[in-house]
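Visitor:
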Amino acid sequence: MTRRRAPVSSPVALTVAGSDSGGGAGIQADLKTMEAHGVFATSVVTAVTAQNTLGVERSHVLPVAEIDAQYDAVATDFDLGAVKTGMLATEPVIDLVAERVADADAPAVVDPVMVAASGDRLLDPDAEAAYESLIGEATLVTPNADEAAVLTGVEPTDRERVREAGEELVSMGADAALVKGGHVGDGGTVTDTLVSTLPDGEPTVRRFEHPRIDTDATHGSGCTLSSAVAAHLAHGETLGYAVEAATAFMERAVRYGLDVGEGPGSVHHLAALREAADRHRTMTDVAEVVEAFVDRDVSRLVPEVGMNVVGATEYAERVGETAAVEGRITRTLSGAAPNRGVRLGASSHVARFLLAAREFDPDLRFAVNCRFDDEIEAATGELDGPVTEYDRDAEPADASGTMGWGARRAFGTVDADEPTPVAVLDRGAVGKEAIVKVVAETPERLGERVFTLLDAVDA
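So in the working numbering, spot 294 of the sequence shown is number 353, and the numbers just go up one at a time.
Here it is, written out as structure tokens:
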């Protein structure tokens, strides 16, 4: 007996861009990103480049007729939900794509690729002026600061000038412009600025801010961001939501970049997908640690507020991407026992502490809060790494939260060449119970450290 077919209907998006033999940018980045967003990705290759993480060695633009044939093959067969353009290289190619986008009944995201992240030029200087016709057909145009300056003549050196550049792009016919802020300033925050128009024609500005990632591995970032926006538009989502979701996706892709090649590396186009895939394994890891704690009866280490074991997925950025015991582990007459099962987002305090600690050591994946008393404090000396502490009396009134502030105090004072602390002493405050927080890279190591404390206080 044959199995019954169960087809899946998926929105379709098209990328019109150059190929990157290194796999981090161009068509390859677009396809990975679109598929990661649940979109069936189609492509029109405009140019073939010989490049890697170190730079572009050669580039060959395909004949316009071959590009047109590819576009025709896709457009006549698929119901396109969105079109995204990348490297177009020459004026004839830009003119062709502008004509095709104008005829398409789908939103268009134009990434005006001019220079690769390595500094290699990907656009004929004579073709720069041709972009105006394509921008006029765009739902969204996504230049970085350098590209915005070339297209508009406005150097986006500060917030006001960024807005001016965005408004100039909109005046060229684009429905909206997202001026990316990665190349603007050198502070700790990156601001991407979305400029669009209200129904009455008045410009509106929305800014998306996120912490700057300390990395040079941004190969493919522009392609990935614009492809993410196009994927969301293909799903029928609003432009504002598409940009918000895509910038958040991009932040994770840069932070958890891929250490590949001999150059700086590449953004991780599948980081968000891998995070979701890692959730079940993390929940299972936490459940097994809890089971071990119950079997061994860690009641002696359970604080008055209850104990919680927290596990973060490998790419976790928020509380909902951590697993913990719902209701915590408490002391009972028969020993330590969890109130309920393990679920995502079940912890607040310990999860926020772990996430803040991961800002200093992303390899940290697991944490647990234990009772604090003189014997347990002495027992921390038996652990296999340094122990640090913080004093809540020193917490400023404007701190965003004790857990995050405490982690920054505990881990931020450790030199980069020193081992990461394995435990943090929180001596509490008036009305706040003192706690020992133990952290680890693996569930096995977390269990070993907790049992080391238990053995020491039971000795």
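Yeah, the Cβ is synthetic: ideal placement off N, Cα and C, and Gly gets one too.
1) Starting from the Cα of residue 355, find the closest Cα among 390, 332 and 385 and give me that residue.
2) Looking at residue 366 and residue 415, is the spacing between their C-beta atoms short of 8 Å?
3) Between the C-alpha atoms of residue 273 and residue 323, what's the straight-line distance to the nearest angstrom?
4) Can you list, in chain order, the residues of its chain with a C-beta nearer than 6 Å to that of residue 90? Leave out the 5 residues immediately preceding and following it.
5) To the nearest angstrom, report how far apart residue 104 and residue 333 are at their CA atoms.
6) Is residue 269 helix, strand or coil when you go by DSSP?
7) Below 8 Å, how does it come out for the segment 374-381 and the segment 427-447: are there three or more Cβ pairs, yes or no?
8) Should residue 257 go down as buried or exposed, given a rule of 16 or more other Cβ atoms within 10 Å for buried?
9) Which term fits residue 491, buried or exposed, when burial requires 16 or more other beta carbons within 10 angstroms of its beta carbon?
10) Distance check for residue 401 and residue 46, CA to CA, integer angstroms please.
11) Candidates 392, 118 and 430: which alpha carbon is nearest residue 183's?
12) Report the rounded CA-to-CA distance for residue 316 versus residue 201, giving the unit in angstroms.
13) If the criterion is Cβ atoms closer than 8 Å, does the pair residue 282 and residue 141 meet it?
14) Do the segment 260-274 and the segment 143-150 touch if we need at least three Cβ pairs shorter than 8 Å?
15) Going by the DSSP bridge assignment, what does residue 253 pair with across the sheet?
16) Is the beta carbon of residue 213 less than 8 Å from the beta carbon of residue 227?
17) Whole alpha helix (DSSP H) runs in the segment 269-332 with 4 or more residues, listed along the chain?
18) Could you name the residues of the same chain whose beta carbon sits closer than 6 Å to that of residue 139, not counting the 5 residues immediately before and after it, in chain order?
19) When you compare each of 247, 464, 502 and 133 to residue 342 by their alpha carbons, which one comes out closest?
20) Measure from the alpha carbon of residue 137 to the alpha carbon of each residue in 68, 108, 369 and 276, then state which is nearest.
21) State the beta-bridge partners of residue 351 as determined by DSSP.
22) Quick one: Cα of residue 313 to Cα of residue 518, how far?
23) In the DSSP assignment, what are the bridge partners of residue 388?
24) Pull up the distance between the alpha-carbon of residue 265 and that of residue 498, whole angstroms please.
25) What's the call for residue 471, buried or exposed, on a 16-neighbour Cβ count within 10 Å?
26) Give me the DSSP bridge partner(s) of residue 499.
Guide: Taking the geometry as given:
1) Indexing the sequence shown from 1 puts residue 355 at position 296. Out of 390, 332 and 385, 390 has the C-alpha closest to the C-alpha of residue 355.
2) Working through the sequence shown from its first residue, we reach residue 415 at position 356. Working through the sequence shown from its first residue, we reach residue 366 at position 307. Contact: no.
3) As a first step, residue 273 is located in the sequence shown; it is residue number 214 there, counting from the start. As a first step, residue 323 is located in the sequence shown; it is residue number 264 there, counting from the start. Each residue's alpha carbon lies about 12 Å from the other.
4) Residue numbering aside, residue 90 sits at position 31 when the sequence shown is read from its first letter. Cβ within range, chain order: 100.
5) Position 45 of the sequence shown, counted from the start, is the residue given in the question as residue 104. Position 274 of the sequence shown, counted from the start, is the residue given in the question as residue 333. Their backbone Cα atoms lie some 28 Å apart in a straight line.
6) Counted from its first residue, the sequence shown places residue 269 at position 210. Correct three-state label for residue 269: strand.
7) no
8) Taking the first residue of the sequence shown as position 1, residue 257 is located at position 198. When all chains shown are included, residue 257 counts as exposed.
9) Here the question's residue 491 lines up with position 432 in the sequence shown. That one is exposed.
10) For the chain, the structure presents residues 60 to 518; residue 46 sits outside this window and is missing.
11) As a position in the sequence shown, residue 183 is number 124, starting the count at 1. Nearest C-alpha to residue 183 among 392, 118 and 430: 118.
12) Residue 316 sits at position 257 when you count from the first residue of the sequence shown. Residue 201 sits at position 142 when you count from the first residue of the sequence shown. Residue 316 and residue 201: Cα-Cα distance of roughly 21 Å.
13) What you label residue 282 is simply residue 223 of the sequence shown in a count that begins at 1. What you label residue 141 is simply residue 82 of the sequence shown in a count that begins at 1. Cβ distance not < 8 Å, so residue 282 and residue 141 don't count as in contact.
14) no
15) The residue given as residue 253 occupies position 194 in the sequence shown. Answer by DSSP bridge pairing, in chain order: 237 and 265.
16) Counting from 1 along the sequence shown, the entry for residue 213 is found at position 154. Counting from 1 along the sequence shown, the entry for residue 227 is found at position 168. Between residue 213 and residue 227, the CB-CB gap stays under 8 Å.
17) If only uninterrupted alpha helix (DSSP H) runs of at least 4 residues are considered, those enclosed by the segment 269-332 are 280-293 and 298-314.
18) One-based indexing of the sequence shown puts residue 139 at position 80. Excluding positions up to five away in sequence, the list reads 71, 73 and 165.
19) Position 283 of the sequence shown, counted from the start, is the residue given in the question as residue 342. Checking every option, the nearest Cα to that of residue 342 belongs to 502.
20) The sequence position of residue 137 within the sequence shown is 78, counting from 1. Per the Cα distances, 68.
21) Taking the sequence shown and counting its residues from 1, the one referred to as residue 351 is at position 292. For residue 351, which the question treats as bridged, DSSP gives no partner whatsoever.
22) Your numbering for residue 313 matches position 254 in the sequence shown. Your numbering for residue 518 matches position 459 in the sequence shown. The alpha-carbon atoms of residue 313 and residue 518 are separated by roughly 48 Å.
23) Within the sequence shown, the letter at position 329 stands for residue 388. 366 and 397, per the DSSP bridge assignment.
24) Residue 265 sits at position 206 when you count from the first residue of the sequence shown. Residue 498 sits at position 439 when you count from the first residue of the sequence shown. Looking at the two C-alpha atoms, the distance is approximately 39 Å.
25) Taking the sequence shown and counting its residues from 1, one reaches residue 471 at position 412. Under this definition residue 471 is an exposed residue.
26) Numbered from its first residue, the sequence shown carries residue 499 at position 440. In DSSP, residue 499 forms a bridge with 425.
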